[in-house]
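Trainee: Going line by line, the protein sequences match chains A and B.
Going by our numbering, the first residue of the first sequence is number 92, and it counts up by one from there.
Going by our numbering, the first residue of the second sequence is number 92, and it counts up by one from there.
There are 2 protein chains.
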Amino acid sequence: MASEYPYKSKKVIPIGTVSELTGLTPRQIRYYEDRSLIYPERSEKGTRKYSFLDVETLVEIADHREEGVQTNEIRREMVKATRKANKEDIRKSMLRGQLNAHFRIRK
Amino acid sequence: MASEYPYKSKKVIPIGTVSELTGLTPRQIRYYEDRSLIYPERSEKGTRKYSFLDVETLVEIADHREEGVQTNEIRREMVKATRKANKEDIRKSMLRGQLNAHFRIRK
DNA sequence: CGTGTAAGGAATTCTGACACG
DNA sequence: CGTGTAAGGAATTCTGACACG
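Shown next, in the form of structure tokens:
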């Protein structure tokens, strides 16, 4: 489920590399986590690990910030976008369910 | 060209994480690099960075090693597999070239 | 609010070497 | 040949705080 890009969501990138990839400073990256915009995983000893998806999200955050959008507003937009995506997923899976029921398609 | 998996080849994973992902020790991972089985990138200060493709390769290496195959033999097999893949790429691109010439398809 | 920085400590990684076999 | 380990050093990351604004 939702594993179309197996490597995109795997959290394995350290903050220094994320910093290079995004152009953001580690300080900024940690702050956006503090504001609940991203959720890296932690290794046993506490170092943060990010996914490529996190990197993409951070780039979007950076774009919004450059336009002066505050982190609060960015969070609202992200939540909204997520809800929309989830609704579409539900719609699709319901459609699939109907089709399967109709045609008796084995998964 | 060959960028079907944009994130698969990007070298961003530190050796400790690769160790967890593969079950190999950092010592083993460095040794296989020494034997020219993998080629991580280096950060400015010298720390190794691996891609998910490297991780996959390392798992294959681990499988071969468990069967007692020596690194030399593993390297030969890998070179052979690479050559085969390249030949297929060339064949495909030539075929594409012919088709394009025949039907005047714009790229 | 968002970001920089100095501070002290902890965890990571690096290399070259010795060991075993 | 392939891998473990102790050694010393360098680079990375972490947190909490003060600063500016």
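Heads up, the beta-carbon is just placed ideally off N, CA and C, and yes, glycines get one too.
From which residue to which residue does the alpha helix (DSSP H) around Gly188(B) run?
Mentor: Looking at the DSSP string, the run of the alpha helix (DSSP H) that includes Gly188(B) is Thr162 to Phe194.
Trainee: Once DSSP output is grouped into helix, strand and coil, what is the label at Glu132(A)?
Mentor: In this structure, Glu132(A) counts as strand in the three-state DSSP scheme.
Trainee: Expressed to the nearest angstrom, what Euclidean distance is found between the alpha-carbon atoms of Arg187(A) and Glu179(A)?
Mentor: Each residue's Cα considered, the two are about 12 Å apart.
Trainee: Given a threshold of 16 other Cβ atoms within 10 Å of its Cβ, counted over all protein chains shown, does Tyr123(B) qualify as buried or as exposed?
Mentor: Result: buried.
Trainee: Between the Cα of Leu149(B) and those of Gln119(B), Lys99(B) and Val103(B), spot the shortest distance and give me the residue it belongs to.
Mentor: The shortest C-alpha separation from Leu149(B) is found at Gln119(B).
Trainee: In the DSSP assignment, what are the bridge partners of Tyr122(B)?
Mentor: Bridge partners of Tyr122(B): none, in fact.
Trainee: Give the single residue among Thr162(A), Thr108(A) and Tyr98(A) whose Cα lies nearest to the Cα of Ile129(A).
Mentor: Looking at the Cα atoms, Thr162(A) is the closest of the given residues.
Trainee: Grab me the residues of Ser134(B)'s own chain with a C-beta within less than 8 Å of its C-beta, minus the 5 sequence neighbours each way, in chain order.
Mentor: If we look at Ser134(B) and ignore the five residues flanking it on each side, its Cβ neighbours are Lys140.
Trainee: Anything in chain A within Cβ reach of Pro117(B), meaning under 7 Å, just list it in chain order.
Mentor: Residues of chain A passing the Cβ test: none, with the nearest at roughly 14 Å.
Trainee: Any beta-carbon of chain A closer than 9 Å to the one on Tyr98(B)?
Mentor: Closer than 9 Å to some Cβ of chain A, the Cβ of Tyr98(B) qualifies, so yes.
Trainee: What does Pro105(A) reach in chain B if we use C-beta pairs closer than 7 Å?
Mentor: What Pro105(A) touches in chain B: Pro105.
Trainee: Note down, in chain order, all residues in the region 140-162 of chain B with a beta-carbon under 8 Å from any beta-carbon belonging to chain A.
Mentor: So the list reads Lys140 and Phe143, given in the order they occur along the chain.
Trainee: Which partner residues does Ile104(B) have in the DSSP bridge list?
Mentor: Ile104(B) pairs with Tyr141(B).
Trainee: What's the C-alpha gap between Lys101(B) and Asn191(B)?
Mentor: Computed Cα separation, rounded: 32 Å.
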